[in-house]
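Everything below concerns the one structure shown next.
Dropping the structure here:
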């Protein structure tokens, strides 16, 4: 469970606010999509949760514990973190990358190795084949699978994702979205996923928070946002995927063969 | 082949200096580089400082280090100077390497909960390693090259070949020294290059056989180098007396003669020749050298800062008193010759102008080109001469000594500041111009001896018979054998010993 209460964040001593009076709650096992244009404050929000940034004011808690009362490194080790740059360590093998956090947490080495095998299998990279490879020998999609495995290795309950699939080609992205969603459901992970892609948010999120200029305009299930947009901006944002789907249908209209494939 | 027999000793000396200096240089520079990469207020001053050190002439750094250590010579000042010199590429590459790591990797390391220290040791340093090692490679090549200069402060290196060879015009010796240093640079560079290759290619799909071969080559090579230099660090066998010498032919010959005489008296000895003038004096004052050939005028002008000339005997007397009182040294014996700076001209040229003494130069000086060694025109002797006779020349050129004689022989200069004992004065048929005003102080050669050595009766008794035995003609002839006829220094030594025996 993640909870933010009246959180403000300013990078210029209060002249402007990247995040204004933000309150939200993500329940255990829930995936919240945080969507908005670049610069809307969604990444700042994420970084305050694992204390890469500190809020200017307000309270943040993870699993009921105030993050400011915890050692930031210890806090981060207990929160999975996946981001667009992936940031695999190029000098570590796949296995070494995945094992980093359990090792930081001083797990016994046999437990580390077992866990490594389990999470690599989970993300579809059999350990026997991939454990000893280096990141440079993997495709972009495989690298991000390792990134996800690394985030899950220490069995976190909470995972933060910052545009995790943004740099991948559409087919790989779709595969990973689906696979991650099923892992998240199975492990009952509590996730905040930052994205600017409404389609991705709709496909993966249980609830979606729409942000603009540091403020949350609306939080709700995809259906709620679609049916009862609280703001013209939310409405516009929600119409976009639908419009595209309509347009696609129009182009492909009646072509059964192509339609079956799409 | 007399030369090659010295190779193992010079090799060990050179390798030891290089390895120790590099080891210390790496141990100091990498932490400094890490510090600079984390603090911009440290980075700029530090990089500027190590760059400035680099711009100092290396010989100057050596001299400064010797002075700061209170006249101490040998490996210590050489190593300190080499360490100072090799810092720049290592510090700079460490900073560059650490700064050029992909931001996302550092973000990830932070995001998964590594502490700043873990980010440094587990991520940033390993990733910067290829760049850091490249800096160490550069430092290695520089250090091997610069270690040749250690000879000037009394540390054995391939420089012994080079400096002796340059002074005695033995090109073979210079070639051996240069090639040996170059070869050592290439070998060490390729060893460290191999290390770099191993680090860079750790994560590529190359066949493991090649990896193993390189690994074996690199590690056995590095272990051999470190082992050899460690072995050389074991203290040398103690010798009874250390004979010093400056870096020119006469000094090598006299040092050789002293060594033979002391060995015949049953002492064990070692030579430290090719030293700077200031260095050898300080070392003797500190009992690190026991005996060497010094000149009264050198002490008079350089150390006592005297500009007057009260005559040959008075100068010698006062110099003897000065070194005894101020430095605890002694004048054991005046050998009988003077090695003066003196103005010399081609005989027919001097005769055609009717010049016999420096006073006769006056009407012609404005139109004459003079040559001197690298220091002459900066020395008090020249200032004294210029003021006493109120002369100056149209041009004053400086040369390496050997080239200076070539220049006058080929009429590129009209007169030179020669040395009275130089064999080439006769060889090139030069006349030495008289100095009726005694503007140039006397330069009596004498044996300067450390306080400790003076306490040994047998030592004193063995060397004191040299007093007055070496005339300027004998010294000049001995020098000529080496400088003009290209015979080894040992030929000059034999010649001197025969003259003494007469």
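Residue numbers (this note's numbering), protein chains in the order written: chain D, 125 to 386; chain P, 2 to 503.
Where a beta carbon is used, it is the ideal one built from N, C-alpha and C, also for glycine.
Bear in mind that the values here come from a model prediction, so they are computed numbers and not experimental data.
query	result
Proximity winner among 438(P), 141(P), 342(P) and 164(P), relative to residue 83(P) (alpha-carbon distances)	141(P)
In chain order, each beta strand (DSSP E) run of at least 3 residues that lies wholly inside the stretch 187 to 274 of chain D	203 to 207
Given residue 217(P) as reference, the closest of 193(P), 92(P), 239(P) and 5(P) once Cα atoms are compared	193(P)
Distance, residue 85(P) Cα to residue 305(P) Cα	32 Å
Whole-number beta carbon distance between residue 308(D) and residue 155(D), since they are thought to touch under 8 Å	6 Å
Where residue 422(P) falls, given that 16 or more other Cβ within 10 Å makes a residue buried	buried
Helix, strand or coil at residue 290(D) [DSSP, three-state]	coil
Contacting positions in the stretch 213 to 228 of chain D - beta carbon closer than 9 Å to chain P	213, 214, 215, 216, 217, 224, 225 and 228
C-beta neighbour in chain P for residue 239(D), strict 8 Å	no
Buried/exposed call for residue 275(P), threshold 16 Cβ in 10 Å	buried
Boundaries of the alpha helix (DSSP H) in which residue 12(P) is found, first to last residue	8 to 39
Short CB-CB distance (under 8 Å) between residue 113(P) and chain D	yes
Residue 443(P) versus 322(P), 486(P) and 300(P), residue with shortest Cα-Cα distance	300(P)
CB contact check: residue 106(P) to chain D, cutoff 8 Å	yes
3-residue-minimum beta strand (DSSP E) runs that sit fully inside the stretch 254 to 300 of chain P, ordered along the chain	270 to 276 and 292 to 296
Contact list for the stretch 250 to 264 of chain D against chain P, Cβ threshold 9 Å	257, 258, 259, 260 and 261
Beta-carbon neighbours of residue 201(D), restricted to chain P and to distances below 8 Å	113 and 114
Touching by the beta-carbon criterion (3+ pairs, under 8 Å), the stretch 313 to 323 of chain D and the stretch 278 to 288 of chain D	yes
Whole-number beta carbon distance between residue 469(P) and residue 337(P), since they are thought to touch under 8 Å	4 Å
Residue 373(P) versus residue 411(P) - alpha carbon distance	15 Å
Nearest-angstrom Cα separation, counted from residue 146(D) out to residue 293(D)	33 Å
Per-residue contacts from residue 207(D) into chain P (C-beta, under 9 Å)	105, 108, 109 and 112
As assigned by DSSP and simplified to three states, the class of residue 345(D)	coil
Supposed contact pair residue 254(P) and residue 490(P) - C-beta distance, whole angstroms, cut 8 Å	6 Å
Endpoints, the alpha helix (DSSP H) within which residue 167(D) is located	166 to 173
Collapsed DSSP secondary structure at residue 133(D) in the structure displayed	strand
Three-way DSSP call (helix, strand, coil) for residue 50(P) in this model	helix
Contacts that residue 127(P) makes with chain D (C-beta to C-beta distance below 7 Å)	215
Beta-carbon spacing of residue 240(D), residue 252(D) below 8 Å	no
Chain D residues whose Cβ lies nearer than 7 Å to that of residue 124(P)	213
Chain P contact residues for residue 197(D), given Cβ-Cβ distances below 8 Å	114, 115 and 116
Entirely enclosed alpha helix (DSSP H) segments - the stretch 337 to 391 of chain P, minimum 4 residues	348 to 354, 359 to 362 and 381 to 390
Beta carbon proximity, residue 274(D) to chain P, threshold 8 Å	yes
Interface partners of residue 151(D) on chain P, CB under 8 Å	The premise fails here: residue 151(D) is roughly 23 Å from chain P at the closest Cβ pair, so nothing lies under 8 Å.
Same chain, Cβ closer than 7 Å to residue 266(P), neighbours up to 5 away in sequence not counted	459 and 463
Residue 336(D) (DSSP reduced to helix, strand or coil)	strand
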